[in-house]
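Enquirer: First the structure, which I've put down as structure tokens, then a few questions once you've had a look.
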Amino acid sequence: MALVWLDLAGVFFFAVSGSLLAARKQFDIVGSVLLASLVALGGGVIRDIIINAGPPAAFANPVYVLPPLLAAALVYFLFANVQRFTSLLTLFDAGGLALFCITGTVKALSAELNPFAAVLLGVTTAVGGGLLRDITANEVPGLFNARDLYAIPAFLGAGLTAVLWVSGTFSAWTAVGVAVLVFVFRVTAWRRGWHAPLAVRGWHRFGLDSTGKSRGLD
Amino acid sequence: MALVWLDLAGVFFFAVSGSLLAARKQFDIVGSVLLASLVALGGGVIRDIIINAGPPAAFANPVYVLPPLLAAALVYFLFANVQRFTSLLTLFDAGGLALFCITGTVKALSAELNPFAAVLLGVTTAVGGGLLRDITANEVPGLFNARDLYAIPAFLGAGLTAVLWVSGTFSAWTAVGVAVLVFVFRVTAWRRGWHAPLAVRGWHRFGLDSTGKSRGLD
Amino acid sequence: MALVWLDLAGVFFFAVSGSLLAARKQFDIVGSVLLASLVALGGGVIRDIIINAGPPAAFANPVYVLPPLLAAALVYFLFANVQRFTSLLTLFDAGGLALFCITGTVKALSAELNPFAAVLLGVTTAVGGGLLRDITANEVPGLFNARDLYAIPAFLGAGLTAVLWVSGTFSAWTAVGVAVLVFVFRVTAWRRGWHAPLAVRGWHRFGLDSTGKSRGLD
């Protein structure tokens with residue numbers, strides 16, 4: 346079914362983002378495969394555990410091991426000549442995000458969760474792998490410390506998927522349409538630097554409050 | 346039932362602690378909502394996955410999304426004038442700890458786990474959210490690196506809850522009594538600096554052993 | 346049954362590694378017990394959640410609480426005189442790795458997962474606790490950033506266990522044989538500095554590529 350192919354494509358995109366980060370961190374080839382696996386399969390394993398319908402697909406179905414191996418091999422042979430590392434990682438990550446917010450939502454709807462829960466689970470699937478990647482690489486997760494919109498595109502994609510599903514118009518073609526929309530939204534937000542306001546009204550970055558004084562956190 | 350209200354109150358307290366940390370870390374408002382959700386709902390999701398009784402309440406029941414949204418809004422509008430940041434975070438965190446060690450234990454007992462396992466699961470629920478908060482914020486978790494007692498009050502609350510339940514005297518009133526006791530214990534430990542001995546006999550902080558020499562770790 | 350004893354021995358070894366790290370990080374005795382519990386029981390809890398066969402053994406069976414308490418007590422009373430900290434941690438960690446890759450694989454096979462999934466789950470069990478240990482101690486996990494082979498011995502042990510099981514020759518004696526083999530392989534790799542190539546062909550550590558120029562990551 347088309348959904349499996351979309352899921353495998355998402356797994357591959359996230360796996361490449363994991364292997365790219367492993368390369369930048371100077372991990373070895375084994376660490377590259379393992380980090381690719383964690384990023385690519387982590388979000389889906391969390392999803393399947395929460396849906397609670399038998400062992401996660403990543404363990405039960407051997408085909409899910411191939412994308413991380415392929416990603417690590419690609420990075421091993423091709424990355425030495427790559428200059429624009431951060432751009433490449435962001436693009437592959439955006440591809441995984443765009444596909445997983447759809448497949449995660451559909452898997453939850455197929456397991457008969459209500460549409461509201463399905464959207465939350467779709468977003469969790471989409472952002473889970475990247476969160477694990479950043480935590481294990483010992484960085485503050487981009488999910489929380491976003492310089493540009495990251496979770497919002499995932500919410501948009503999961504919400505559209507739920508609407509299409511409930512209205513009976515979900516198909517391989519509308520799924521691809523949603524994926525393209527989420528991908529373009531995420532990449533545009535990144536290139537244009539679209540961002541949400543800070544967590545406190547009147548604050549701006551650089552450690553000063555709106556009156557220009559240091560914030561004096563105790 | 347009263348237990349749901351205690352649980353929602355605990356969710357709200359932990360959510361505020363998450364949004365406060367997001368503010369201090371200069372995350373944006375989306376990151377504030379997401380970190381509040383992770384801290385507030387993470388411990389309960391781990392508990393429900395371990396109990397293994399269908400999808401976690403945080404996904405199945407839409408009402409659990411409200412406390413993180415409310416917490417992020419409160420911090421957004423009110424925090425700019427707050428001076429005593431660390432104190433506030435510690436107080437809200439203590440409130441969540443006091444309520445979750447009770448509701449986590451009761452949920453486990455209701456799922457027919459034995460009292461011993463229920464106490465362990467209650468403590469896991471209570472400390473899980475804060476552990477996730479510290480890990481994602483890229484700090485050594487306060488749970489392990491405690492300058493004052495943190496897990497001990499949770500064990501006390503979970504243990505008392507199990508005793509009340511087994512003896513048939515658990516009610517909304519005794520639950521509130523246990524919560525107050527745990528909260529006062531935790532806050533007093535924090536203000537007075539009560540702490541446990543270090544992990545090795547004869548060692549003290551500041552990198553010197555009991556003979557005054559540097560420890561020479563290889 | 347012998348398998349429970351092997352599992353408990355693995356739990357104890359990982360618990361000691363957790364308490365040793367707690368000592369080096371100057372955590373207190375409560376943090377030592379909790380970190381020992383997380384490292385020793387975390388991998389098994391993840392395994393049992395993925396197998397999805399009721400509450401994890403670590404919660405259901407009270408005996409699993411004893412090894413972390415014992416480990417924290419041992420480190421508390423004996424560690425002040427220990428000089429070779431890193432060596433000791435590596436040895437205990439290798440012992441846990443050697444036993445968990447076997448018991449994890451066997452538990453998965455007993456739950457009727459296919460041998461392929463069982464090997465993946467055995468490796469996950471074996472490396473999961475150490476991964477949690479490094480993440481909570483706020484270090485880049487040794488699993489990914491290995492200066493010597495770590496995951497490969499676990500794969501070897503899990504694979505041999507699956508072969509023995511499928512061929513009907515798995516027994517307490519062959520299990521001990523596999524454990525000794527994995528332990529010797531891991532310790533030898535550590536002492537000799539055996540390592541895999543980096544994640545990108547032609548790169549070496551120290552931030553220079555094969556042409557001697559700085560890598561110019563953007």
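Protein chains in written order, with our numbering: chain X, 346 to 563; chain R, 346 to 563; chain U, 346 to 563. Glycine included, each C-beta is placed from N, C-alpha and C at the ideal position. Computed from a prediction, not measured in an experiment: that's the story for all the values here.
#1: If we define contact as Cβ-Cβ less than 7 Å, is Gly387/X a contact residue for chain U?
#2: Determine, using beta carbons only, whether Phe489/R comes closer than 7 Å to chain U.
#3: Taking Cβ to Cβ, would you say Ala403/R is nearer than 7 Å to Ser364/R?
#4: Along chain U, which residues have their Cβ under 7 Å away from the Cβ of Tyr421/X?
#5: Exposed or buried, Gly552/X, counting other C-beta atoms within 10 Å across all chains shown (16 or more means buried)?
#6: When you check each C-beta in the stretch 397-408 of chain R against every C-beta of chain X, which residues fall closer than 9 Å?
#7: What's the call for Phe422/U, buried or exposed, on a 16-neighbour Cβ count within 10 Å?
#8: Could you work out which residue in Leu454/R, Leu414/R and Ser362/R is closest to Ala507/R when comparing CA atoms only?
#9: Report buried or exposed for Ala496/U, applying the criterion of at least 16 other Cβ atoms within 10 angstroms of its Cβ.
#10: For Thr469/X, count the other beta carbons within 10 Å of its own beta carbon; 16 or more makes it buried, fewer makes it exposed. Which is it?
#11: Let me see if you follow: with CB-CB separation under 7 Å, is Pro498/X close to chain R or not?
#12: In chain X, what lies closer than 8 Å to Ala439/U by C-beta?
#13: Would a check of beta-carbon distances place Phe461/U closer than 7 Å to chain X?
#14: Quick one: list the residues of chain R neighbouring Ser377/U, beta-carbon separation under 8 Å, in chain order.
#15: Using a cut-off of 7 Å between C-beta atoms, extract the partners of Ile447/R located in chain X.
#16: Kindly say whether Ile394/R, judged by its beta-carbon, lies nearer than 7 Å to any beta-carbon of chain U.
#17: With burial defined as no fewer than 16 other Cβ atoms inside 10 Å of the residue's Cβ, what is the status of Thr481/U: buried or exposed?
#18: Any idea if Thr514/X is buried or exposed, counting beta-carbon neighbours within 10 angstroms, 16 or more meaning buried?
#19: With a CB to CB cut of under 7 Å and the five nearest residues on each side skipped, what residues in its chain are close to Leu348/R?
#20: Run down chain U in chain order and give the residues with a C-beta less than 7 Å from the C-beta of Thr481/X.
#21: What are the residues that DSSP puts in a beta bridge with Asp373/R?
#22: Taking the alpha carbon of Gly355/U as the reference point, which residue from Phe437/U, Gly538/U and Ile391/U has its own alpha carbon closest?
#23: In the structure shown, what three-state DSSP assignment does Asp479/X receive?
#24: Taking 7 Å as the cut-off, decide whether the C-beta atoms of Ala544/R and Ile396/U are in contact.
#25: Looking only at C-alpha atoms, which of Arg478/X, Gly504/X and Gln371/X sits nearest to Arg492/U?
#26: May I ask you to report which of helix, strand or coil DSSP gives Pro407/R?
#27: Whole-angstrom Cβ separation of Val378/R and Ser362/R, contact assumed at under 8 Å?
#28: Quick check on DSSP: helix, strand or coil for Phe528/U?
#29: Taking 7 Å as the CB-CB limit, is Leu380/U close to chain R?
#30: Taking C-beta to C-beta, are Leu488/R and Leu476/R nearer than 7 Å?
#31: Which bits of chain R does Asp373/U rub up against, with CB to CB less than 7 Å?
#32: Please state if the CB of Arg531/X and the CB of Leu466/X are separated by a distance shorter than 7 Å.
#33: I need the DSSP call for Ser343/R, collapsed to helix, strand or coil.
#34: List the whole-angstrom C-beta distance separating Ala367/X from Leu380/X, where the pair is believed to meet the contact cut-off of C-beta under 8 Å.
#35: Out of Leu434/R, Phe430/R, Phe357/R and Arg429/R, point me to the one whose CA is closest to Val408/R's CA.
#36: So with Cβ pairs under 7 Å, would you call Leu444/X a contact of chain R?
Expert: Looking at the coordinates:
#1: no
#2: yes
#3: By the CB criterion at 7 Å, Ala403/R and Ser364/R fall outside the cutoff.
#4: Ala544, Val545 and Arg546
#5: Any reading at Gly552/X is ruled out, since the residue's pLDDT is 46, under 50, leaving its predicted position unreliable.
#6: Asn397, Ala398, Gly399, Pro400, Pro401, Ala403, Phe404, Ala405, Asn406 and Pro407
#7: exposed
#8: Leu454/R
#9: By the C-beta density criterion, Ala496/U is buried, having at least 16 other C-beta atoms within 10 angstroms.
#10: buried
#11: no
#12: By Cβ distance, chain X contributes nothing, its closest Cβ being about 16 Å from Ala439/U, past 8 Å.
#13: Answer yes: the Cβ-Cβ gap between Phe461/U and chain X drops below 7 Å somewhere.
#14: Ala544
#15: Within chain X, no residue comes near Ile447/R; the closest Cβ sits about 24 Å away, beyond 7 Å.
#16: By this cut-off, Ile394/R is an interface position.
#17: Thr481/U should be labelled buried.
#18: exposed
#19: Thr448 and Val451
#20: Ile480, Pro486 and Phe489
#21: DSSP output for Asp373/R lists Leu543/X as bridge partner(s).
#22: Phe437/U
#23: helix
#24: no
#25: Of the listed residues, the one whose Cα sits closest to Arg492/U is Gln371/X.
#26: helix
#27: Contact flag wrong, Cβ pair sits at about 14 Å.
#28: Reduced to three states, the DSSP call for Phe528/U is helix.
#29: yes
#30: Contact flag set, yes.
#31: Ala491, His540, Ala541, Pro542, Leu543 and Ala544
#32: no
#33: For chain R, the structure presents residues 346 to 563; residue 343/R sits outside this window and is missing.
#34: 5 Å
#35: Phe357/R
#36: no
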